[in-house]
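Below: the structure, in C-alpha cells.
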Amino acid sequence: MDEDDYDISIDSPPPTAQSGAGGGPVPGGPPGLLGAGGGYAWEEEYKRSWDALQEDEDGSITASVSQLTSQLKRKRLLRDTRIVQRGLVRHLVVIVDLSQACRDVDFKPTRVDQVCALLDGYLSEFFDQNPLAQVALVVTHNERALQVTALSSHPGDHLRKVKDRHAALVAAEADPGEPSLQNALEMAMGILGHVPAHGTREVLVLYSALTTCDPGNILDTAQALVAKWVFTVAMNEAHLKELILEHVPPPAIVVKAMARKASNLMRMGFPEWVVADGYKLCACHGQASAAGFVCPQCNAQICAVPSECVVCGLTLVLSPHLARSYHHLFPVPNFVEVTDWKEIKSHECAACMVGLPPIPTAAELSLLVTHRPTGRYKCPGCEGMVCLDCDVYIHDVLHNCPMCVGGREDRAVEAGRHGG
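Going by the working numbering, the letters in the sequence shown line up with residues 170 to 589, in that order.
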C-alpha cells in the first residue's frame with residue numbers, strides 16, 4: 170500500500186481501574202499507570218474540570234459555556250492547510266464489523282446502528298468533497314469477510330447493502346460470531362490491487378470487537394498492507410463522528426510515494442445529458458430509462474456520473490466535479506482568533522454583515538476580571554474579520570474566502586478602468 174493509506178479501529182473504552190476510598194489509586198497499584206500527580210493518567214485529565222467555568226460580573230456561566238462550545242466547533246476546522254500534493258482520485262475500502270460486538274448498546278441504540286447512521290453522513294460528505302473517488306464496502310462476521318459492494322461512486326448503494334446484510338443476520342436470529350480482521354484486510358488488498366497507479370489506496374476500518382479470529386498471522390498482513398497506520402478509539406457518539414469525518418479530506422502524498430510514481434495524464438470524458446424519445450437500457454444497471462448520460466467515446470448510456478463507463482472504461486466526469494476537487498490543492502488558510510480588542514474596528518461580520526459583540530470602552534476593559542472573547546476570526550490574507558458561523562461555513566462549504574475573492578475582482582475591475 171502507499172503512504173497515504175489510513176486504517177481506523179473503533180474499539181470499546183478502556184476498562185476502569187480499581188480506586189481507593191478517596192477516589193485515588195489503590196496503594197501498591199500498577200506503577201506504569203500512575204501519572205505525574207500520583208493518580209492514574211486518565212483521572213488527571215478530568216481533574217477539577219469545573220474550574221474552566223468562570224462566572225461573569227452577573228454571576229452567570231453562560232459566557233463560559235458559549236466559549237467552550239465555540240472552541241469545540243473550531244477544533245475541527247484547525248487542519249493542515251499547507252499547499253502539498255494530494256491524491257484527488259481516491260480508492261477507499263471501508264471495513265465494517267458486523268460481529269456480536271456490534272450489538273452492544275453502549276452507543277445508542279446499538280453500535281451497528283450508530284455506525285450505519287454515521288456512515289451515511291460520511292459517504293455523502295466524502296463524495297461531495299471527493300467526486301472523483303470510489304468506495305467499496307467489506308463486512309466481517311463469523312470469522313469471515315464478505316465484499317458487499319464493488320468500487321463505485323454511488324453512496325446510496327453502499328449503505329443499503331450494509332443495512333441489508335445486518336438485517337438478514339438479525340432476521341435469521343443467527344449468531345454473528347467473531348470478526349476476522351485479517352480476512353477483511355486481505356480482501357481489501359485484493360480489491361485495491363487493481364486500481365491504477367495515479368489513484369490513492371486507502372482502508373478505513375470501523376471495528377467494534379476486542380479480538381479477531383484469523384487463519385494466519387495478522388501481523389504479516391499488516392506488514393504487507395499498511396504504510397501509515399492511524400489508530401483511534403471513540404469515546405462517545407460525537408467523538409466517533411468527529412473521527413470518521415477527519416478522513417473526508419484527501420491525504421497528502423509524502424515524498425517517498427511521489428518518488429515511486431511518475432506524473433502522467435489521465436483520460437476523462439465529459440458526457441452529455443440526453444433525453445431520448447424512447448426507452449433505452451443503461452449500461453451500468455441494465456434498467457430501461459428515457460434519459461441518461463451518454464459516453465462521448467462509445468455512446469453508452471450511464472445513469473449517474475462521476476463513474477467509469479462499463480463498456481469502454483473511460484472515466485466520466487462533469488466540470489463541477491473537477492472544480493470541487495481543486496480546492497483540496499489550495500485550501501483556505503485557518504482563520505486566526507482575534508483576542509485583542511484594540512485590533513478591532515468593525516462592528517459587523519465582513520461576510521454576513523451580522524452584528525458582532527460590541528467593542529467595550531477603555532473603562533470597561535480595565536474593569537474586566539477575566540478575558541472576554543471577541544467573537545471575531547481574521548483571515549490571514551485579507552485580514553477581514555468574520556463571525557464563528559461564517560468561519561465554519563467558509564472552510565466547510567465555500568472553500569474560498571469571499572473577502573479575498575471580492576478584493577481580487579475589485580482590483581481587476583479597477584485595472585480594467587485604468588487600462589481602458
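We put the beta carbon where it would ideally sit given N, CA and C, even for glycine.
For residue i, three-class secondary structure by DSSP
| i | result |
| --- | --- |
| M554 | strand |
| D560 | helix |
| S181 | The predicted position of S181 is uncertain, since its pLDDT is 40 and thus under 50; no value can be drawn from it. |
| H323 | coil |
| A305 | strand |
| A519 | coil |
| I528 | coil |
| L338 | helix |
| R313 | strand |
| R545 | coil |
| E347 | coil |
| V331 | helix |
| L379 | coil |
| I387 | helix |
| V566 | helix |
| V507 | coil |
| L487 | coil |
Start-to-end residues for the alpha helix (DSSP H) that takes in residue i
| i | result |
| --- | --- |
| V284 | R280 to Q298 |
Segment limits, beta strand (DSSP E) that includes residue i
| i | result |
| --- | --- |
| L498 | No beta strand (DSSP E) holds L498; DSSP gives it neither H nor E. |
| R259 | R259 to D266 |
Buried versus exposed call for residue i [16 or more other C-beta atoms within 10 Å across all chains shown]
| i | result |
| --- | --- |
| Y495 | exposed |
| H408 | exposed |
| G197 | Bear in mind that the predicted position of G197 carries a pLDDT of just 44, short of 50, making it too unreliable to give a figure here. |
| Y448 | exposed |
| M554 | buried |
| L388 | exposed |
| D383 | buried |
| P194 | Low confidence applies here, because P194 scores a pLDDT of 44, under 50, leaving its location unreliable and the question unanswered by this model. |
| M356 | buried |
| R157 | One cannot answer for residue 157 here, as it falls past the ends of the chain, which runs 170 to 589. |
| F439 | exposed |
| D173 | Below a pLDDT of 50, predicted positions are generally treated as unreliable, and D173, at 43, falls in that range; no measurement from the model is reported. |
| C436 | Before going further, note that residue 436 is Arg rather than Cys in the sequence given. Answer is exposed; the Cβ neighbour count stays below 16. |
| A302 | buried |
| C478 | buried |
| V574 | exposed |
| Q470 | buried |
| L450 | exposed |
| E347 | buried |
| D171 | Because the pLDDT of D171 is 45, which lies under 50, any placement of that residue in the model is unreliable, and the number read from its coordinates should be weighed accordingly. Label assigned to D171: buried. |
| D560 | buried |
| H363 | exposed |
| S488 | exposed |
| A520 | buried |
Beta-carbon separation (whole angstroms), residue i vs residue j, contact threshold 8 Å
| i | j | result |
| --- | --- | --- |
| L267 | H310 | 4 Å |
| V281 | H335 | 6 Å |
| Y546 | F504 | 4 Å |
| K330 | V317 | 4 Å |
| H568 | V501 | 6 Å |
Heavy atom of the ligand MG within 6 Å of residue i beta-carbon
| i | result |
| --- | --- |
| G455 | For the ligand MG, the structure offers nothing, since it holds no ligand at all. |
Chain B within 7 Å of residue i, Cβ atoms only
| i | result |
| --- | --- |
| A445 | Chain labels in this structure do not include chain B; a single protein chain is all it has. |
- [ ] Scan the stretch 389 to 468 and note each continuous alpha helix (DSSP H) run of 4 residues or more that stays entirely inside, going in chain order.
- [x] 406 to 414 and 424 to 429
- [ ] Pick out the complete beta strand (DSSP E) segments inside the stretch 350 to 376, 3 residues or longer, and give them in chain order.
- [x] 369 to 375
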